[in-house]
Amino acid sequence: MKKLYSLLLLSCLSAPVWAQNQQGNTPKLSPVARQYMLELKKSGNTGEIMPGYVYRKMANGQTCVSALIKVSDAAMANDNLKNIGVYIGTKAGDIWTVQVPVEKMAPFTITPGVSYIQLDEPIRPNLDVARKTTRVDSVQGGYNLPMGYSGKDVVMGVIDFGFDYTHPTFYDTLGTRYRIQRVWELDGTGTPPPGYAYGREDRDTNSIRQHGTDNPHQMHGTSVTGIAAGSGFGSATNSRFRGMAYDADIVLVGVRRDSIGGQWMQGSFTDFIDGVSYIYRYADSVHKPAVVNISWGSHSGAHDGTSLFNQACDNMTGAGKLLVMSAGNEGQENIHLSKTFTATDTTISTFLTFTPTTYQRTWVDVWGEPGKTFCGEVTLYKNGVAGNTTQFVCIDDNIHDTMLIGSAGNDTCTVQFITSSAEPNGKPRMTINLFNKTADSVGVSLKGTSGTINAWDEYYYYGFPHGFQSAFDSLGKPWATTGNTITTVSEMGAAQSVLLVGAYASKITFTDINNQHRSYANYVPANRLVPFSSHGPMIDGRIKPDITAPGLTLATSVTSFDTSYTPTGSNSDNVVSEYVQPGTGKKYYYAEFIGTSASSPAAAGIVALLLQANPALTPTQLKTVLFSTAIVDNYTGAIPPTGNNNWGHGKINAYAAIKQVIQDAGVYNFQGKKLDCVLFPNPNEGVFTLDYTGNRSEKLNIAVYNISGSLVTSQEWSVSSGQNQKELNLSNLAKGYYVVKLMSATGSVSIKTLVK
């Protein structure tokens, strides 16, 4: 291959320009953090706001860099970070979000008590009949159930952008009770919520409505929230375009960022961790369970559940705190590449293709196996002939900068290799950041002698200053490899606790507001998996997605601030219904919406219904119920008990799931002998005693349900033979009737009590 020796453009072809400091207790830095520090060193200006990173304007006007950290000594880290002037946000176990003043980045990167620093990275959004195909209509109607379920007394949290706070779907079914309880706009100017030093929180419903929107240029959040929890008010019969949990309380977190330093303009990992924590905190304050929907995704990471974001999700979720995410829309994109090296099969080569072709920028994220190593190379090709090359760069914990001249001689391709011999999960990693301004094709080769590597192309929709997308392609060369669609599910959803949702086509035709027939029949048949729905598995072997839900096509609310969603707008072919608000004459619309951005809130709304039946439902219990009750039909084909990497365990079935949850709670279906137990005093003021007489030592389960059958608290009680007494305190609960159920291995007793 032709080599490049231009000293004017290349000071050092493959020598390291910045090394990871591994000494003492110095934190290890992520690739983006190392890239930032290299650019900072080159600049010489410690306060410079460099383009291409994620910043946050604090309430006091200070500009900060956003980051995730893993702490090894919480007390030490807390003190040292505060001494530096770093703002600490969410503490999700040993994973914290922080905001670092730009001029404090150098001391921040050597903070004792911190083991790993991940500078924040951007992530992207994944964007009537659905209620029937998921059996939600039966759940809402209460058919053969103790009651109809609507998400009442459950918090539905949505982290997104493009919210229309004024849309009638966010009222109740009568259009009178406003259901948005809290709003936190992360880039807003105003008073931040307690525990945070940035953004604008709004707790007043009148103020929320007057504010109108977090972002007049987007509609994603309005549509997502409408699917999960819209009342459908203003659509036909005020119910046609109703969401899943139409009576749930709503908490919204807007993640659109400001324009600091030409930074990425979409949400980031710290945004979503802080948002999840904020929603759960609110739910705790009102003593209600919560489910959070995230219809966004990323491919930055090992796809094995070990990233700091994954760990934070697992640390925050639990009983009554559930998290649902979209699997991603890359089911047709060849963004994944895998290779197992041997002594006789040492190399895999591919080309990068770019969308749009006019902006050829990307980064490739390559992960190996613990204890193994590999090398990477970028080469320019003209008509299939190799030109300038970086030569192979091997894992050495350094950053390597290279600039290649194209075959025309007047354009360049900049390449940066960032290598790490062991990330926190023990795996070697190489990121290849690339910006090609030449007319040549870009080839990438990876080599090793043992072990398996997995690589992903990343892409973004907004910012810096354009969105970009790339894929792996052979370009017809027999020695090159085209990428695949395996393991294209979002890395964000790799956490053990996350319910990751794929998409199927619940409806493929509709009539728009201008009476024009629209159809997706040439793209996908009804009831089939939508081709764009991303595939598993995760790299650690787990089946993904977990479940599928309707993702094409769903009618939902759209923002009134985006004039493209009107009968004469550029998106009029998706608009299906208009509502004119009495008194004001303002027009609101419902429109069709597709993507795993739609299937995720459909599933999240169903989860809210399950939480109404059992407010203490855990992530593990949720998956057990959904997996065992999923719909498997002629369209899914046979699915093994462990699921498959297209459908997960099948199509979500709200009706069968809620029946199972009710049965598991044991209010209506437990059989056995009646236990000898009395409750006194009754009525009471929330404090009472259970007096139980048993014939052996054992563990009993105490469960307390409200009058609608929802579990409000439960605990174990170790008893012995003879008389046993236990005091319970329900004084924090609302006044009213409750059922206290005592259960053993052989029997039960239910006692109704009045809390005055």
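Positions -19 to -1, 1 to 737 (mature numbering (1 follows the signal peptide of the UniProt record, and there is no 0)) are the ones given, in order, by the sequence shown.
We put the CB at the ideal spot given by N, CA and C, even for glycine.
- prompt: If you check the beta carbons only, do Ser515 and Ala308 fall under 7 Å apart?
  reply: Yes, the Cβ-Cβ distance between Ser515 and Ala308 is below 7 Å.
message: Excluding the 5 residues flanking Tyr261 on each side, which residues of the same chain have their C-beta closer than 7 Å to its C-beta?
response: These residues qualify, in order along the chain: Ala271, Met297, Lys302.
task: Return the first residue and the last residue of the alpha helix (DSSP H) that Asn627 is part of.
output: Taken as a continuous stretch (DSSP letters only), Asn627 belongs to no alpha helix (DSSP H), as it is neither H nor E.
field: Nearest-angstrom beta carbon gap, Gln593 and Ser691 [assumed within contact, 8 Å]
entry: 6 Å
query: Within 10 angstroms of its Cβ, does Tyr719 collect 16 or more other Cβ (buried), or is it exposed?
result: buried
message: Looking only at its chain, what residues have a beta carbon closer than 6 Å to the beta carbon of Ala589, apart from the 5 residues adjacent to it on each side?
response: The beta carbon of Ala589 sits closer than 6 Å to those of Gly132, Val135, Met137, Ala226, Ala229, Val272, all from its chain and outside the five residues before and after it, given in chain order.
- prompt: Expressed to the nearest angstrom, what Euclidean distance is found between the alpha-carbon atoms of Tyr34 and Asn435?
  reply: 25 Å
Ala584 classed as buried or exposed, judged by whether at least 16 other C-beta atoms fall within 10 angstroms: Ala584 counts as buried, since at least 16 other C-beta atoms from the protein chains shown sit within 10 angstroms of its C-beta.
message: According to DSSP, is Arg223 part of a helix, a strand, or is it coil?
response: coil
field: Residues sharing a beta bridge with Cys375, DSSP
entry: Cys375 pairs with Cys356.
message: Tell me the rounded alpha-carbon separation between Pro531 and Ile98.
response: 38 Å
message: Using a 10 Å radius around the Cβ and a threshold of 16 neighbouring Cβ atoms, would you call Glu708 buried or exposed?
response: exposed
message: For Val117, which residues in the same chain have their Cβ closer than 6 Å to its Cβ, ignoring the five residues on either side in sequence?
response: Closer than 6 Å at the Cβ level, and outside the excluded window around Val117, lie Met225, Ala635.
- prompt: Does the Cβ-Cβ distance between Val642 and Leu591 come in under 7 Å?
  reply: yes
field: Proximity to Tyr146 [Cα-Cα], best of Thr154, Arg499, Trp165, Tyr501
entry: Of the candidates Thr154, Arg499, Trp165, Tyr501, the one whose C-alpha sits nearest the C-alpha of Tyr146 is Trp165.
- prompt: Expressed to the nearest angstrom, what Euclidean distance is found between the alpha-carbon atoms of Ala217 and Thr529?
  reply: When rounded, the distance between both Cα atoms is 27 Å.
Backbone secondary structure at His198 - three-state DSSP: coil
message: Beta-carbon within less than 6 Å of Val396's beta-carbon, same chain only, minus the 5 sequence neighbours each way: which residues are those?
response: Val359, Thr371, Thr383, Leu415
Where His381 sits in the DSSP three-state scheme: strand
task: Could you check the C-alpha separation between Pro600 and Ser119 for me, to the nearest Å?
output: 24 Å
Simplified DSSP assignment, three categories, for Tyr152: strand
message: Among Leu535, Gly624, Ser53, Lys408, whose alpha-carbon lies nearest the alpha-carbon of Ile376?
response: Lys408
- request: Could you tell me whether the segment 69 to 88 touches the segment 19 to 31, where touching means 3 or more Cβ pairs closer than 8 Å?
  value: yes
Same chain, Cβ closer than 6 Å to Thr115, five either side skipped, listed in chain order: For Thr115, the CB contacts under 6 Å within the same chain, skipping 5 residues up- and downstream, are Ile633, Ala635 in chain order.
query: If we count the other Cβ atoms within 10 Å of its Cβ and call it buried at 16 or more, is Thr727 buried or exposed?
result: exposed
field: Cutoff 8 Å; reference Arg158; Cβ partners in own chain excluding five residues on either side
entry: Close CB contacts of Arg158 within its chain, under the 8 Å cut and outside five residues either way in sequence, are with Tyr152 (chain order).
field: Exposure of Leu100, with buried meaning 16 or more beta-carbon neighbours within 10 Å
entry: buried
field: As assigned by DSSP and simplified to three states, the class of Thr328
entry: In the three-state scheme derived from DSSP, where H, G and I count as helix and E and B as strand, Thr328 is classed as strand.
message: By DSSP's criteria, Ala594 is part of a beta bridge. Which residues make up the other side?
response: According to DSSP, Ala594 bridges with nothing at all.
query: beta strand (DSSP E) containing Lys568: first to last residue?
result: Start and end: 568 to 574.
- prompt: When DSSP builds the beta bridges, which residues end up paired with Lys632?
  reply: Its beta-bridge partners are Thr529, Ile612.
task: Leaving out five residues on either side along the sequence, give the residues of the same chain with a beta carbon under 6 Å from the beta carbon of Gly243.
output: In this prediction, Gly243 scores a pLDDT of 48, lower than 50, which makes its location untrustworthy; no coordinate-derived value is stated.
query: Are three or more beta carbon pairs between the segment 487 to 503 and the segment 314 to 334 nearer than 8 Å?
result: Segments in contact, no.
- request: Out of Ser388, Asn406, Phe373, point me to the one whose CA is closest to Ile399's CA.
  value: Phe373
field: Residues near Lys9 by beta carbon distance below 6 Å, same chain, minus five either side
entry: Tyr97
Nearest candidate by alpha-carbon position, reference residue 764, set Thr694, Tyr501, Arg37, Lys640: No statement about residue 764 is possible, as the shown extent of the chain runs from -19 to 737 and does not include it.
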